[in-house]
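Under numbering that gives the first Met the number 0, the first residue of the sequence shown is numbered 0, with each subsequent residue one higher. The beta-carbon is built from N, C-alpha and C at its ideal position, and this holds for glycine as well.
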Amino acid sequence: MSTTTSSPLFWPLLLYAAIVFSLVGIILLVSYVLGGRHQERATNEPYEGGIVSTGSARLRFSSQFYLIAMLFVIFDVETVFILSWAIAFQELGWYGYIGVLVFIAILVVVLIYEWRNGALDFGPDGQKILQAYKKLTLKDKPHEMVAK
């Protein structure tokens, strides 16, 4: 048994690394030469986008926002499961079909449960808005009558 040196095996890796570093260097050099140089009021600000920032970046979100975001992620993951079932439809047969029907039925039951408990009500209540609008229109009607 002869022992071979491992250095001939590393030359493609070294060549690849040399090409990568060369390309990175060329790209950085070209961007430095061709890049724009301007000095405006918001240029040195973090996350500069050309617009002077106003106010604080610390915004308060309602806890309902996070609940809706979690529900979106959960139902998005279930979509991946259903799509993977659709890809393997031929191999799974009727057992897979019944299994996905049970899975979708459970999803529908959970969605109805969340809807009934108000987990999906993240906006203002429509009935309260209509009542406030009716009160405003009733207050305005006597003034319209006097104007005529």
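Note down, in chain order, each residue of its chain lying with its Cβ closer than 8 Å to the Cβ of E77, except the 5 sequence neighbours on either side. Numbered from 1 along the sequence shown, position 78 holds the residue referred to as residue 77. Result list for E77: F102 and L106, in chain order.
Measure the alpha-carbon distance for I128 versus Y94 and round it to whole angstroms. Against the sequence shown, residue 128 aligns to sequence position 129. Against the sequence shown, residue 94 aligns to sequence position 95. If you take the alpha carbons of I128 and Y94, they lie about 49 Å apart.
Going by beta carbon distance, what residues of the same chain come within less than 6 Å of Y15, once the five residues before and after it are set aside? Along the sequence shown, one-based indexing puts residue 15 at 16. Once the five neighbours on either side are set aside, Y15 has no close Cβ partner at all.
I need the straight-line Cα distance from Q89 to I81, nearest angstrom please. Taking the first residue of the sequence shown as 1, we reach residue 89 at position 90. Taking the first residue of the sequence shown as 1, we reach residue 81 at position 82. Their Cα atoms are separated by approximately 14 Å.
Is the separation between the beta-carbon of L70 and that of L119 shorter than 9 Å? Counting from 1 along the sequence shown, the entry for residue 70 is found at position 71. Counting from 1 along the sequence shown, the entry for residue 119 is found at position 120. Yes, they are a contact pair.
Three-state class that DSSP yields for Q38 in the structure shown: To locate residue 38, count along the sequence shown from 1; it is residue 39. Reduced to three states, the DSSP call for Q38 is coil.
What are the boundary residues of the alpha helix (DSSP H) that includes G95? Your numbering for residue 95 matches position 96 in the sequence shown. First-last of the alpha helix (DSSP H) with G95: F88 to R115.
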